[in-house]
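Number of protein chains: 4
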Amino acid sequence: MAQGTIAERMLATHPRDLNLDREALARCLQACAECAQACTLCADACLGEQSVQEMITCIGLCLDCADVCAATGRVVGRQTQADATVMTTLLGACAAVCRACGDECEQHGRHGMKHCAVCAQACRDCEDACRRMLEALA
Amino acid sequence: MAQGTIAERMLATHPRDLNLDREALARCLQACAECAQACTLCADACLGEQSVQEMITCIGLCLDCADVCAATGRVVGRQTQADATVMTTLLGACAAVCRACGDECEQHGRHGMKHCAVCAQACRDCEDACRRMLEALA
Amino acid sequence: MAQGTIAERMLATHPRDLNLDREALARCLQACAECAQACTLCADACLGEQSVQEMITCIGLCLDCADVCAATGRVVGRQTQADATVMTTLLGACAAVCRACGDECEQHGRHGMKHCAVCAQACRDCEDACRRMLEALA
Amino acid sequence: MAQGTIAERMLATHPRDLNLDREALARCLQACAECAQACTLCADACLGEQSVQEMITCIGLCLDCADVCAATGRVVGRQTQADATVMTTLLGACAAVCRACGDECEQHGRHGMKHCAVCAQACRDCEDACRRMLEALA
Chain S
1 MAQGTIAERM LATHPRDLNL DREALARCLQ ACAECAQACT LCADACLGEQ
51 SVQEMITCIG LCLDCADVCA ATGRVVGRQT QADATVMTTL LGACAAVCRA
101 CGDECEQHGR HGMKHCAVCA QACRDCEDAC RRMLEALA
Chain V
139 MAQGTIAERM LATHPRDLNL DREALARCLQ ACAECAQACT LCADACLGEQ
189 SVQEMITCIG LCLDCADVCA ATGRVVGRQT QADATVMTTL LGACAAVCRA
239 CGDECEQHGR HGMKHCAVCA QACRDCEDAC RRMLEALA
Chain C
277 MAQGTIAERM LATHPRDLNL DREALARCLQ ACAECAQACT LCADACLGEQ
327 SVQEMITCIG LCLDCADVCA ATGRVVGRQT QADATVMTTL LGACAAVCRA
377 CGDECEQHGR HGMKHCAVCA QACRDCEDAC RRMLEALA
Chain B
415 MAQGTIAERM LATHPRDLNL DREALARCLQ ACAECAQACT LCADACLGEQ
465 SVQEMITCIG LCLDCADVCA ATGRVVGRQT QADATVMTTL LGACAAVCRA
515 CGDECEQHGR HGMKHCAVCA QACRDCEDAC RRMLEALA
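Taken in sequence, the protein lines are chains S, V, C and B.
Counted from 1, the first sequence has number 57 at position 57 by this note's numbering; the numbering is strictly sequential.
Counted from 1, the second sequence has number 179 at position 41 by this note's numbering; the numbering is strictly sequential.
Counted from 1, the third sequence has number 306 at position 30 by this note's numbering; the numbering is strictly sequential.
Counted from 1, the fourth sequence has number 471 at position 57 by this note's numbering; the numbering is strictly sequential.
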C-alpha cells in the first residue's frame with residue numbers, strides 16, 4: 001500500500017472517472033506540495049541569514065510562492081467538481097510565481113546559499129509540472 | 139485607532155512607499171478576506187443541508203474559492219517586494235473562481251438557500267475588487 | 277442584508293441547530309480573520325523596515341500567528357460536524373500564538389513601529405475571543 | 415542533490431544551529447505535508463461518493479485535518495525564531511485532529527472506502543510524528 005506518492009495513492013482510489021491525465025495530475029500535486037514546503041523553509045532560512053537585508057525579495061517571493069502552490073495543490077486536486085477556467089488561470093499564476101521565485105533563489109544559490117539552490121530546484125519542478133498540467137487540460 | 143478596516147489601518151502604517159492605489163488595495167484585501175470566510179462557512183452550511191447531494195458542485199467551488207481568495211489576499215498584501223506578473227495572474231485567477239462560485243451560489247440563493255445568497259454577494263464583491271485592482275495595476 | 281460582519285450573516289443562515297454560543301463564535305471567527313490579515317501585513321511591513329535585523333523574531337511570530345489564526349477560523353467555523361477536542365486544543369494553540377505575537381508586537385509598537393501597534397491590538401482581541409470561545413465550549 | 419525528502423534537504427541547509435532533533439523535525443514536516451494532501455483529496459473523494467450523506471462527518475474532519483496539518487507544518491518548520499509554547503500547543507492540536515480524522519476514516523476504510531483507508535494511514539503517521547516531535551521538545 002505504501003508504493004507511490006500520497007497523491008498517486010489517493011488519486012488511484014477516487015470514486016469518480018477522472019477525465020484527465022492522472023499522471024500529470026499526480027505529478028502536479030506532488031510538485032505543488034514539495035514547492036510549498038521548500039519555499040516556507042527557504043523563507044525561514046533566509047530570515048536566519050546574517051545578510052538578511054539582501055534576502056528581502058527572496059523572503060517575500062518564497063512566502064508568495066508557498067501560498068500560491070498550497071492553494072493550487074488544493075484546488076487542482078479537487079476533481080469531483082472541477083472548473084476548467086479556475087484550474088487553468090490558477091495553474092498559470094502558479095507557474096508565474098514559481099518562475100519568479102525560482103529565478104530569485106537560483107541567483108542566491110549560485111552565491112552559496114544552499115537552501116536557495118534546493119528551493120530553486122523545487123520551483124523549477126513545480127513550474128514544469130504546472131505547465132504540463134496546463135497542456136494536459138488544453 | 140479602531141477606525142477603518144484592519145487592511146486600511148495596516149496599510150496606513152506600512153514603512154514603504156506603496157507605489158499603487160492604496161484604496162483599491164485595501165478594498166481588495168478586505169474583499170478577499172470576507173469572501174474566503176463566506177465560502178468556508180457556505181461550504182459547511184451546504185454540507186449541513188438535507189439536500190447535500192444537490193450541493194456537491196457548490197461545496198467544491200466554495201472550497202476552491204476560499205483557498206484562492208485566502209492566497210490572493212496574502213500575496214497581494216505583501217507589498218515590500220511585489221511582482222507585477224504574480225499579482226496580475228493571481229488576481230485573474232481569483233476573479234475567475236469568484237465568478238464561478240458566485241454564479242453557482244446565486245442559483246441556490248434564488249431557490250431559498252440563504253447562506254448561498256450571502257456568499258454569492260461576497261463573491262461578486264471580491265470579483266469586482268480584484269478587477270478594480272487589476273485596473274489599478276495596469 | 278449588509279448588516280453585521282460576514283461571520284454573523286453566514287452563521288445566521290446555517291441550516292443546522294448550532295448548539296453553542298453563536299455570538300462568541302461569530303466574534304471568534306471575525307477576530308481570527310482580522311488577526312490573520314494584520315499579522316500577514318505586519319510581517320511584510322517589518323520586512324520593509326530599515327532595521328529588519330531587529331524584526332526577525334517579530335516576522336517569524338507574525339507568520340506563525342497568521343497561519344494558526346487562519347486555520348482556527350476555518351476549523352471553528354465548520355459546525356456541521358464539530359469535534360470538541362479538536363476545537364478546544366486548536367483554540368488553545370491560537371490563544372498561545374496570539375499571546376506570543378501580541379507581546380512581541382506590543383514592544384515594537386511602544387518603540388514607534390505603528391504597524392506593530394495595530395497588529396498587537398488584533399492579537400489581543402483574537403486571544404480574548406479564543407478564550408471566550410473556550411469558556412463558551414466548557 | 416535529490417536524496418531525501420524535501421524537508422530533510424531543506425533542514426540540512428538551514429543557516430542556524432537547530433537546537434533540536436532534526437530527524438524528528440524532518441519526519442514531522444513530511445508527515446504534516448502528506449496528511450494535509452491526503453485529507454484534501456479524501457474530502458474530495460468522499461464528496462464524489464454516491465453515499466455522500468453518510469460521509470458528512472468524514473468530509474468535515476478531513477477538511478479540518480488538512481487545515482491544521484498545513485498550519486502545523488508551516489509553524490513547526492519555522493525554526494529561525496521558534497516559540498516552544500506555540501509549537502507544543504499546536505502539535506497537540508494537530509495530534510488531536512489526526513486522531514479524530516484517522517478514527518473516522520479507518521471506519522469507512524473497513525467498509526470498502528479505499529481513499530479513507532489510505533487517508534487513515536496518513537493520519538496515523540502524522541499523529542505519531544507529532545507525538546514524537548512533542549517528546550523531542552520535552
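Glycine included, C-beta positions come from ideal geometry on N, C-alpha and C.
None of these values were measured; they are calculated from a predicted model.
- Membership of B/H529 in the alpha helix (DSSP H) is indicated by the continuous run 528-551.
- For V/A204, the number of other beta carbons within 10 angstroms of its own is at least 16, and it is reported as buried.
- Taking a 10 Å sphere around the C-beta of C/G280, we find fewer than 16 other C-beta atoms and assign the residue as exposed.
- In the three-state reduction of the DSSP assignment, S/G4 falls in the coil class.
- Taking 8 Å as the cut-off, the beta carbon of V/C180 is found no closer than this to the beta carbon of V/C166.
- Under the three-state reduction of DSSP, S/Q107 is assigned to helix.
- Within the stretch 446-497 of chain B, the complete alpha helix (DSSP H) runs of at least 4 residues fall at 470-491.
- S/T13 sits in coil when the DSSP states are folded into three classes, being neither helix nor strand.
- For S/A100, the chain V residues whose Cβ falls inside 9 Å of its Cβ are D221, T223, V224, in order along the chain.
- Taken through DSSP and simplified to helix, strand or coil, S/L91 comes out as helix.
- Taking the Cβ atoms as the reference, B/D458 lies roughly 7 Å from S/G77, within the contact range of under 8 Å.
- Between S/C39 and S/C69, the C-beta spacing is below 8 Å.
- Distance from the CA of S/A12 to the CA of S/A71, rounded to the nearest whole angstrom, comes to 22 Å.
- Using a CB distance below 7 Å, the part of the stretch 48-62 of chain S facing chain C consists of V52, Q53, I56, I59, G60, ordered along the chain.
- In this structure S/T85 is exposed. Its beta-carbon is surrounded by fewer than 16 other beta-carbon atoms within 10 angstroms.
- In the three-state DSSP reduction, V/L158 falls in the coil class, being neither helix nor strand.
- Between B/T503 and the set B/L551, B/Q493, B/R423, the nearest pair of CA atoms involves B/L551.
- Taking each of C/C392, C/M286, C/Q306, C/G324 in turn and checking the Cα distance to C/A376, the smallest one comes out for C/C392.
- For the pair V/A231 and S/A93, the CB atoms are nearer than the 8 Å cut-off.
- Residue burial is scored here from C-beta neighbours: C/G336 has at least 16 other C-beta atoms within 10 angstroms and is therefore classed as buried.
- Each of S/C46, S/T57, S/Q30, S/H108 was checked against the Cα of B/P429, and the nearest Cα belongs to S/C46.
- With fewer than 16 other Cβ atoms from the protein chains shown falling within 10 Å of its own Cβ, B/G526 counts as exposed.
- When only Cα atoms are considered, C/L367 and S/E135 end up about 43 Å apart.
- Taking a Cβ-Cβ threshold of 7 Å, none of the residues of chain B is close to C/A283; the smallest such distance is about 17 Å.
- Closer than 8 Å to the CB of B/D517 there is not a single CB belonging to chain C.
- Just so you know, the alpha carbons of C/R386 and C/E299 end up roughly 32 Å apart.
- Each residue's CA atom was taken as its position, placing S/G48 and C/A405 some 33 Å apart.
- Listed along chain S are M10, T13, H14, P15, each with a C-beta nearer than 8 Å to that of B/H529.
- In the same chain as B/V489, and ignoring 5 residues on each side of it, the C-beta atoms closer than 8 Å to its own belong to V500, M501, L504, in chain order.
- At a cut-off of 8 Å between C-beta atoms, C/A405 does not count as an interface residue with respect to chain B.
- Around V/V256, the beta-carbon contacts reaching into chain C at under 9 Å are M277, I282, R285, M286, A288, T289.
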